[in-house]
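For reference, the structure is listed below as structure tokens.
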């Protein structure tokens with residue numbers, strides 16, 4: 155998971171270089187707390203699905219193995235898809251909405267860039283938090 159704003163380009167480069175990797179990233183600006191809500195939902199599902207006991211591998215390593223080399227590709231992709239759905243559910247349950255915040259922000263140089271009015275201005279606080 156590349157849980158940062160506008161990470162699609164680097165994500166595409168990674169997938170081209172490592173075609174067996176499943177990657178989740180943001181194509182737009184993403185509000186921090188919204189991205190965090192998505193990631194918590196995503197990772198909670200990964201941990202839930204990573205129930206296979208292993209006396210040798212630490213849990214974080216088992217998560218990596220689950221998603222990649224340790225299981226067949228289809229089960230790893232199913233794991234990522236399930237975690238992605240859980241991340242999306244957590245995002246919307248947190249009151250966030252998918253979409254591109256850039257479509258709502260003030261143009262460069264607007265006075266609210268220096269002193270935002272988050273409570274009263276829909277351009278300072280867009281109704282969508284990331285795509």
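Numbering (this note's numbering), first residue to last: 155 to 285.
C-beta atoms are modelled at their ideal positions from N, C-alpha and C, and glycine is treated no differently.
This structure is a prediction, so every number in the text was calculated from the model and none was measured.
task: Under the assumption that residue 237 contacts residue 199 (Cβ atoms under 8 Å), give the Cβ distance between them as a whole number of angstroms.
output: 4 Å
Bridge partner(s) assigned by DSSP for residue 156: 179
message: Do residue 189 and residue 180 have their beta-carbon atoms positioned less than 9 Å apart in this structure?
response: yes
query: What are the boundary residues of the alpha helix (DSSP H) that includes residue 199?
result: 186 to 203
query: Where does residue 283 land, buried or exposed, given buried means 16+ other C-beta within 10 angstroms?
result: buried
- request: Compare the C-alpha of residue 262 against each of 191, 249 and 277 and name the closest.
  value: 277
query: Taking the Cβ atom as the reference point for each residue, do residue 255 and residue 166 lie within a distance shorter than 9 Å?
result: no
- request: State yes or no: is the C-beta of residue 251 within less than 9 Å of the C-beta of residue 195?
  value: no
field: Own chain partners of residue 253 with C-beta closer than 7 Å, once the 5 adjacent residues on each side are dropped
entry: 282 and 285
With 16 other Cβ atoms within 10 Å as the buried cut-off, status of residue 241: buried
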